[in-house]
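Just below is one structure, and these are the notes that go with it.
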Amino acid sequence: MAKKLKQNGDQQTADVVRMSSQEIWQAGLSAFAKAQEEEGKFFSMQLFEERVLRALSSIGVPTSQEVAALNRRIDELTRQVAALSGKPAAVKKPAAVKAQAKPVARARAKTAAK
1 MAKKLKQNGD QQTADVVRMS SQEIWQAGLS AFAKAQEEEG KFFSMQLFEE RVLRALSSIG
61 VPTSQEVAAL NRRIDELTRQ VAALSGKPAA VKKPAAVKAQ AKPVARARAK TAAK
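In terms of the UniProt record's numbering, the sequence shown opens at residue 1 and continues consecutively.
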């Protein structure tokens, strides 16, 4: 009787291990399939971005790196001019944010209609 219970216990343990390993295997396959799908999307996006970049550069549109380098050069030249002229360079102020207009006309039209 004890042998039979031990065999049943061993069988149950083996079944649990088998089921667990099968679930892990299926999760791995699912993750692999998802990675392949994402890789395809990523490759398509990279290809699209490369094509757009080539098209923009062929018509002479500067890249963001080129614009940033130009801005750094302008700042450097501004400092040099200020040093040579003896006057402090003008500090750029950020543009003021404009308040959005309120829809007053609509409110008046609604009250007039009542």
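Glycine residues also receive a C-beta, built at the ideal position from the N, C-alpha and C atoms.
By Cβ distance below 7 Å, which residues in the same chain neighbour residue i in space, the five residues on each side in sequence not counted?
i     : result
Val16 : none
Does DSSP put residue i in a helix, in a strand, or in coil?
i     : result
Ile59 : coil
Gly28 : helix
Gly86 : coil
Short of 6 Å in beta carbon distance, which residues of its chain neighbour residue i, apart from the five on each side in sequence? Order them along the chain.
i    : result
Met1 : Any reading at Met1 needs caution, since the residue's pLDDT is 47, under 50, leaving its predicted position unreliable; the model's value is listed next. Answer for Met1: no residue qualifies.
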